[in-house]
Amino acid sequence: VWINTGSLNTARYDHTASVLLNGQVLVAGGVNSNNYLSSSELYDPSTGAWTATGSVNNKRVGHTASVLLNGQVLLAGGSDPKNAALGNSELYDPSTGAWTTTSSMNNARAVHTVSVLLNGQVLVAGGNDPNYAALSSSELYDPSTGVWTTTSSMNNARKIHTASVLLNGQVLVAGGVNSNGILSSSELYDPSTGAWTTTGSMNSARNQHTASVLLNGQVLVVGGTNGTSFLSSSELYDPSTGVWTTADSLNYARYMHATAVLTSGQVLVSGGYIRPNAFSTAELY
2 VWINTGSLNT ARYDHTASVL LNGQVLVAGG VNSNNYLSSS ELYDPSTGAW TATGSVNNKR
62 VGHTASVLLN GQVLLAGGSD PKNAALGNSE LYDPSTGAWT TTSSMNNARA VHTVSVLLNG
122 QVLVAGGNDP NYAALSSSEL YDPSTGVWTT TSSMNNARKI HTASVLLNGQ VLVAGGVNSN
182 GILSSSELYD PSTGAWTTTG SMNSARNQHT ASVLLNGQVL VVGGTNGTSF LSSSELYDPS
242 TGVWTTADSL NYARYMHATA VLTSGQVLVS GGYIRPNAFS TAELY
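Numbering (the working numbering), first residue to last: 2 to 286.
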């Protein structure tokens, strides 16, 4: 059952939402009626209310937000109001409610992925550059120094892909799109070596899908588009074999949806879009 809760102070989409260590949810950036937003706000689950907090220094959409081990939130990249990819990044401190700039990435990028590694560093991978071309580059942010350093590049440039931190600490990147089209390929990043290696390809090429790490360590990929049709298919990646196998299909094809792994181990799939309609439906795996 879905129940209404308090409304945001400012309507927005293409923003980020981050669960802070105190349980509150920080929403930042996005766009409203073609106006890019610098505002951010906090949701308190105990009251159901949203309150304004500090504004970001750079308006952006298509960015990423990561909760660091120290509780701060790192906002990185995205696109500015001129639709140009950004390299800058900034930090939100929940104790002060303020955003401060930190060092910029080595490559401006939007619609990339971000992963908080087990050692606390942050890996960004792929995305599009200021000319909208897909990137293969990846880089690491060290919260202890505030510095970005390049690491090895992916084997395939990709954007609008997914990245999942596996239970063994490696990062699985899957799908996306580049100048050659929609991708079925996937690859693994090993933080201990800084190297990317190819692993099994998905059964279906897809982007704008979701990927969820299940409690058993497998990764469930759901929906998306292959460039000609919207997908209801889903598949499972087994890290022990590097193989993808087909799983049960969604009741509705969907892309640009969201997934969450519940404490029960089930996966909640909600929303999404198939032209010309957005979905309000949700389903459980």
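We put the CB at the ideal spot given by N, CA and C, even for glycine.
Quantities reported herein were computed from a predicted structural model and do not represent experimental measurements.
Residue i, buried or exposed, once every other Cβ within 10 Å from all chains shown has been counted against 16
| i | result |
| --- | --- |
| A12 | exposed |
| I4 | exposed |
| Q267 | exposed |
| T151 | exposed |
| Y133 | exposed |
| G224 | buried |
| K83 | exposed |
| Y142 | buried |
| V20 | exposed |
| A86 | buried |
| A109 | buried |
| V222 | buried |
Secondary structure of residue i, DSSP reduced to three states
| i | result |
| --- | --- |
| N179 | strand |
| F280 | coil |
| W100 | strand |
| N10 | coil |
| N129 | strand |
| Y44 | strand |
| S105 | coil |
| S19 | strand |
| A50 | strand |
| I275 | strand |
| N33 | strand |
| G93 | At residue 93 the sequence reads Tyr, which differs from the Gly that was named. Here Y93 sits in strand by DSSP. |
| W3 | coil |
| L27 | strand |
| L136 | coil |
| V112 | coil |
| Y142 | strand |
| L124 | strand |
| L38 | coil |
Nearest-angstrom Cα separation, counted from residue j out to residue i
| i | j | result |
| --- | --- | --- |
| Y37 | G7 | 22 Å |
| R276 | T229 | 13 Å |
| G182 | N208 | 10 Å |
| L69 | N252 | 36 Å |
| S271 | L118 | 26 Å |
| G98 | V123 | 22 Å |
| G55 | D94 | 9 Å |
| N156 | S139 | 11 Å |
| L189 | V115 | 14 Å |
| Y14 | S193 | 37 Å |
| W149 | G195 | 14 Å |
| V172 | N278 | 33 Å |
| N217 | V262 | 12 Å |
| Q219 | I161 | 21 Å |
| K60 | H16 | 10 Å |
Test item: CB-CB of residue i and residue j under 8 Å
| i | j | result |
| --- | --- | --- |
| G243 | A206 | no |
| A29 | A77 | no |
| A158 | A126 | no |
| S41 | L22 | no |
| T211 | A164 | no |
| N204 | W245 | yes |
| S233 | T247 | no |
| G72 | V112 | no |
| S90 | M106 | yes |
| N10 | A53 | yes |
Next item on the list: Return the chain-ordered ranges of every beta strand (DSSP E) run that is complete within the region 145-193 and spans a minimum of 3 residues.
Entry: Taking only runs of at least 3 residues, the beta strand (DSSP E) segments lying wholly in the region 145-193 are 148-152, 163-166, 172-175 and 187-191.
Checklist line | Any beta strand (DSSP E) of 3 or more consecutive residues that is wholly inside the region 52-85 | finding: 65-68 and 74-77
Note to self: Quick check on the DSSP output: what are the complete beta strand (DSSP E) runs of length 3 or more inside the region 205-269, in order along the chain?
What the structure shows: 211-214, 220-223, 235-239, 244-248 and 259-262
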